[in-house]
Every structure is written in C-alpha cells, then in structure tokens.
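Chemist: Here the protein sequences line up with chains X and U, keeping their order.
Here the working numbering is used: the first residue of the first sequence is 5, the next is one more, and so on.
Here the working numbering is used: the first residue of the second sequence is 5, the next is one more, and so on.
Number of protein chains: 2
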Amino acid sequence: MHEVLAGAGLKRGGARERVIDLLAAQPCALSATEIEDALRATGRSPGRASIYRVLDLLVEHDLAERVEVGDGQARFERQHPSGEHHHHLVCEGCGRLIAFDDPGLERAIGKLSDRLGMRISGHDILLRGACERCA
Amino acid sequence: MHEVLAGAGLKRGGARERVIDLLAAQPCALSATEIEDALRATGRSPGRASIYRVLDLLVEHDLAERVEVGDGQARFERQHPSGEHHHHLVCEGCGRLIAFDDPGLERAIGKLSDRLGMRISGHDILLRGACERCA
DNA sequence: GATGGTAATGAGACTCAATCCCATCCTTGT
DNA sequence: ACAAGGATGGGATTGAGTCTCATTACCATC
Ligand SMILES: [Zn+2]
Ligand SMILES: [Zn+2]
Ligand SMILES: [Zn+2]
Ligand SMILES: [Zn+2]
Chain X
5 MHEVLAGAGL KRGGARERVI DLLAAQPCAL SATEIEDALR ATGRSPGRAS
55 IYRVLDLLVE HDLAERVEVG DGQARFERQH PSGEHHHHLV CEGCGRLIAF
105 DDPGLERAIG KLSDRLGMRI SGHDILLRGA CERCA
Chain U
5 MHEVLAGAGL KRGGARERVI DLLAAQPCAL SATEIEDALR ATGRSPGRAS
55 IYRVLDLLVE HDLAERVEVG DGQARFERQH PSGEHHHHLV CEGCGRLIAF
105 DDPGLERAIG KLSDRLGMRI SGHDILLRGA CERCA
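Next comes the structure, spelled out in structure tokens:
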C-alpha cells in the first residue's frame with residue numbers, strides 16, 4: 005500500500021504509516037474510532053483528522069473500501085488488489101458483522117450491468133439477519 | 005398508511021399525519037431534513053424528534069424503507085404494500101438516484117440465505133456508477 | 001359532552017462521528 | 001544541510017440523529 009501512495013507522489017508520514025499497517029493486518033472492517041483506539045493502545049495515536057485523511061486517501065486510491073452498516077459510522081477495510089472482495093451480514097440482535105462472498109451474487113450484478121445499459125463501477129451489499137448466537 | 009397504524013392500535017396526531025402525507029406523495033426518497041424543510045414551508049413543521057419518531061414507526065411497520073447512499077444522512081421512501089421493492093444506483097457524477105429491480109438479484113439473495121444457513125430478514129443493495137447524462 | 005388514562009408532540013439540550021482550521025513538524029529533492 | 005511544500009495534531013466546529021420531560025391531543029368510556 006505504501007508503494008502505491010509513493011508512486012502517486014505522496015510523502016510518507018507517521019500517521020499514514022500506522023493507519024496503513026494497522027488496516028493491512030485486519031481481517032475485516034474497522035471504524036475510524038476503532039482505529040484511533042487501537043493505535044492509542046500502542047501509545048501513539050495520530051490525530052483524528054489525520055486518521056480520516058489517510059482513510060480518504062486509501063479509498064481514493066482503491067486501497068481500502070468504505071463499509072456502511074447503518075449504525076451511523078463508516079468502517080474501512082483493506083481492499084485486495086486482485087479485486088476479490090466479500091460482503092457483510094449484520095446481525096440485528098448483537099450488531100456483529102459476518103463476512104461472506106458469493107459468486108452467484110456477483111454474477112447477478114454483472115448481468116445487471118448489461119441489462120441496465122450503464123457502467124457500474126461498484127456495489128455495496130448488506131444483508132440483515134440473525135447470527136447463529138442470536139437466532 | 006394511516007389505516008395500518010390505526011390497526012396497530014396507534015393514535016393519530018398532527019406530526020404523523022403531515023409526515024405520512026408528504027412521504028406518500030413523493031416519487032423517491034427524502035431525508036429527514038428535507039422533510040422538515042418541506043413541512044416548514046407549509047407553515048407547520050412538526051418537531052424534529054417527531055419526524056424521526058414517525059419515520060422509525062413507518063420503517064418498523066414496513067410502510068417505508070430506509071435508504072442510505074453514503075452521504076451521511078438517511079433517506080426514507082414509501083414502501084409499497086405488495087412487498088415489491090426496488091434498489092438504487094447512485095450516479096457518482098451528479099449524485100442522482102436511479103431505481104431498478106431485478107429478479108435475478110433477488111433470486112441470488114434467496115439462495116444465499118440457504119447457503120449461509122442463517123435467516124436473512126432484509127437486504128440493502130446500492131450500485132455505484134454513471135447515469136446516462138454523466139456517462 | 002365531559003372525564004381521564006395514555007399516547008403523541010415540541011423544544012431544546014445533548015451525543016458523537018466527521019470536518020475544518022491553522023500553526024507546527026517532517027519528508028524529500030537538491 | 002537547506003528550503004519548499006506536503007503531512008500532522010489538536011482543538012474548535014458542524015450537523016444528523018437521540019433523549020428528556022413538560023405539555024397537548026386523542027379516544028374509549030361514562
Ligand atoms: Zn469485511
Ligand atoms: Zn460483490
Ligand atoms: Zn427509490
Ligand atoms: Zn431486493
């Protein structure tokens with residue numbers, strides 16, 4: 005990720021370093037607040053403004069994806085360069101996020117792009133339901 | 005819509021009356037702020053709290069659907085009693101919302117429910133792309 | 001048509017994620 | 001090492017949405 009930003013002519017700084025490294029090590033999405041807390045726990049959290057700046061930058065360069073689950077705060081998750089991605093199911097009982105992927109769903113969206121005759125550059129899919137604990 | 009709420013044993017009040025009537029007359033989603041402004045323009049806007057209460061109530065009774073486009077505010081749109089629903093594509097150029105429905109997509113989600121072995125109670129789908137004007 | 005229990009409403013304080021501003025710090029090319 | 005411009009921090013600010021509670025309106029009953 006660092007390389008991509010460097011290639012775009014951007015300088016390197018402590019905030020960028022820490023946010024990127026943290027995000028790159030996560031299996032699933034983190035909110036800006038969670039990132040701040042996690043970094044504060046290490047002793048050196050960047051300012052809030054810097055965290056948002058880095059996240060915006062990552063989304064802009066397709067290095068991260070913004071995930072909204074409807075709880076009023078955005079979450080961010082590393083985007084794999086291969087284009088492979090997953091979607092989320094949010095449990096209405098406990099709020100837990102569960103990741104899944106489904107080729108059938110992706111295929112349906114691909115067909116849709118043709119049917120609508122419009123160029124579709126991305127899709128957000130969120131399922132709501134009950135996780136096994138809450139069912 | 006009034007009838008459904010009455011059937012649920014709820015009383016009728018001015019705020020409820022005005023918000024429902026406004027929403028029922030809209031072709032597409034409105035934000036709470038837009039609703040407040042529109043009603044204020046008529047001279048009698050309910051309090052902000054009442055607007056949110058009515059909207060929550062409508063969503064709870066499947067009379068309206070919450071639509072999130074990622075601009076940090078929720079929008080609300082009347083939901084038809086037949087259960088038929090549509091999804092939206094948001095144009096990244098002009099922000100315009102375009103509605104569409106697709107049986108293939110619904111089918112894929114139905115299958116997914118089985119595959120994940122979880123009860124799925126709803127789904128939000130948002131496509132991002134370019135509308136014909138902006139393409 | 002009056003009464004009373006209870007739901008509904010309004011106004012504003014409040015929360016909290018996200019943004020803005022600007023002085024200061026640091027990276028990087030020379 | 002130096003300078004220029006990008007990067008950072010922190011604190012003030014915004015704005016959607018929530019909460020509280022006193023007041024008002026609805027409606028079943030008498
Ligand atoms: Zn994820
Ligand atoms: Zn997908
Ligand atoms: Zn719509
Ligand atoms: Zn659907």
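C-beta: ideal position from N, C-alpha, C; glycine also.
Nearest-angstrom Cα distance between residue 75 of chain X and residue 65 of chain X?
Modeler: Residue 75 of chain X sits at position 71 when you count from the first residue of the first sequence. Residue 65 of chain X sits at position 61 when you count from the first residue of the first sequence. Spanning the two alpha carbons is a distance of roughly 25 angstroms.
Chemist: Below 8 angstroms, how does it come out for the segment 80-93 of chain X and the segment 85-93 of chain U: are there three or more Cβ pairs, yes or no?
Modeler: The answer is no - the segment 85-93 of chain U does not touch the segment 80-93 of chain X, with fewer than three Cβ pairs under 8 angstroms.
Chemist: When the cut-off is 8 angstroms and only beta carbons count, does residue 33 of chain U lie next to chain X?
Modeler: Against the second sequence, residue 33 of chain U aligns to sequence position 29. No - not a single Cβ of chain X is within 8 angstroms of the one on residue 33 of chain U.
Chemist: In chain order, what are the residue ranges of uninterrupted alpha helix (DSSP H) at least 4 long that sit wholly in the segment 30-61 of chain X?
Modeler: Fully enclosed alpha helix (DSSP H) runs of 4 or longer: 36-45.
Chemist: Starting from residue 128 of chain U and walking both ways along the beta strand (DSSP E), at which residues does that stretch end?
Modeler: In the second sequence, counting from the first residue as 1, residue 128 of chain U sits at position 124. Where residue 128 of chain U is concerned, the enclosing beta strand (DSSP E) stretches over 124-133.
Chemist: Is it the case that the CB of residue 127 of chain U approaches a heavy atom of ligand 4 more closely than 7 angstroms?
Modeler: Mapped onto the second sequence, residue 127 of chain U falls at position 123. True, at least one ligand heavy atom lies under 7 angstroms from that Cβ.
Chemist: Using Cβ-Cβ distances below 8 angstroms, what residues of the segment 82-97 of chain U are close to chain X?
Modeler: Residues passing the 8 angstroms Cβ filter: 93, 96.
Chemist: Thinking C-beta only, is residue 68 of chain U closer than 8 angstroms to residue 35 of chain U?
Modeler: Counting from 1 along the second sequence, the entry for residue 35 of chain U is found at position 31. Counting from 1 along the second sequence, the entry for residue 68 of chain U is found at position 64. No, the Cβ-Cβ distance between residue 35 of chain U and residue 68 of chain U is not below 8 angstroms.
Chemist: Could you check which residue in X:85, X:32, X:57, X:102 has the C-alpha nearest to that of residue 130 of chain X?
Modeler: The residue you call residue 130 of chain X lines up with position 126 of the first sequence. Closest option to residue 130 of chain X, Cα to Cα, is X:102.
Chemist: What's the C-alpha gap between residue 118 of chain U and residue 121 of chain X?
Modeler: Within the second sequence, numbered from 1, the residue matching residue 118 of chain U stands at position 114. Within the first sequence, numbered from 1, the residue matching residue 121 of chain X stands at position 117. In a straight line, the C-alpha of residue 118 of chain U is about 31 angstroms away from that of residue 121 of chain X.
Chemist: Could you check if residue 103 of chain U belongs to the surroundings of ligand 3, using beta carbon to heavy atom distance under 7 angstroms?
Modeler: In the second sequence, counting from the first residue as 1, residue 103 of chain U sits at position 99. It does: the Cβ of residue 103 of chain U is within 7 angstroms (strictly closer) of some heavy atom of ligand 3.
Chemist: Using beta carbons (cut-off 8 angstroms, strictly below), is residue 116 of chain X in contact with chain U?
Modeler: Within the first sequence, residue 116 of chain X is the residue found at index 112, counting from 1. Taking Cβ atoms only, chain U reaches closer than 8 angstroms to residue 116 of chain X, which makes this a yes.
Chemist: Report the neighbours of residue 52 of chain X on chain U: residues whose CB is nearer than 8 angstroms to its CB, in chain order.
Modeler: On the first sequence, residue 52 of chain X is found 48 positions in, with the first residue counted as 1. Under the 8 angstroms cutoff, chain U gives no residues; its nearest Cβ is about 16 angstroms from residue 52 of chain X.
Chemist: Taking 7 angstroms as the cut-off, does the CB of residue 78 of chain X come closer than this to any heavy atom belonging to ligand 1?
Modeler: As a working mapping, residue 78 of chain X is identified with position 74 in the first sequence. No, the beta carbon of residue 78 of chain X sits no closer than 7 angstroms to any heavy atom of ligand 1.
Chemist: Enumerate in chain order the residues of its own chain whose CB-to-CB distance from residue 19 of chain X is below 8 angstroms, with the five nearest sequence positions on each side excluded.
Modeler: Stepping through the first sequence from its first residue, residue 19 of chain X is reached at position 15. Correct list, in chain order: 50, 51, 54, 55, 57, 58.
Chemist: Determine the contact status of residue 71 of chain X and residue 33 of chain X, defining contact as a CB-CB distance below 8 angstroms.
Modeler: For the purposes of this step, residue 71 of chain X is taken as residue 67 along the first sequence, with counting starting at 1. For the purposes of this step, residue 33 of chain X is taken as residue 29 along the first sequence, with counting starting at 1. A contact, by the Cβ cut-off of 8 angstroms.
Chemist: Which of the residues in the segment 104-129 of chain U, read from start to end, lie with their CB under 9 angstroms from any CB of chain X?
Modeler: Within the segment 104-129 of chain U, the qualifying residues are 104, 106, 108, 109, 110, 111, 112, 113, 115, 116, 117, 119, 120, 121, 122, 123, 124, 125, 126, 127, 128, 129.
Chemist: Taking C-alpha atoms, which residue in X:73, X:108, X:123, X:17 lies nearest to residue 116 of chain U?
Modeler: In the second sequence, residue 116 of chain U corresponds to position 112, counting from 1. Here the closest residue by C-alpha is X:108.
Chemist: Is it right to say residue 25 of chain X is buried, meaning 16 or more other beta carbons lie within 10 angstroms of its own, or is it exposed?
Modeler: To locate residue 25 of chain X, count along the first sequence from 1; it is residue 21. Classification of residue 25 of chain X: exposed, given that the 10 Å Cβ count is below 16.
Chemist: Enumerated in chain order, which unbroken segments of the alpha helix (DSSP H) with a length of 4 residues or greater are wholly contained in the segment 62-114 of chain U?
Modeler: You should have found no qualifying run.
Chemist: Hey, is residue 99 of chain U's beta-carbon within less than 8 angstroms of any beta-carbon in chain X?
Modeler: Counted from its first residue, the second sequence places residue 99 of chain U at position 95. No, its Cβ sits nowhere closer than 8 angstroms to a Cβ of chain X.
Chemist: Output the distance between the C-alpha atoms of residue 22 of chain U and residue 84 of chain U, rounded to the nearest integer angstrom.
Modeler: Here residue 22 of chain U is taken as the residue at index 18 of the second sequence, counted from 1. Here residue 84 of chain U is taken as the residue at index 80 of the second sequence, counted from 1. If I take the Cα positions, the gap works out to 19 angstroms.
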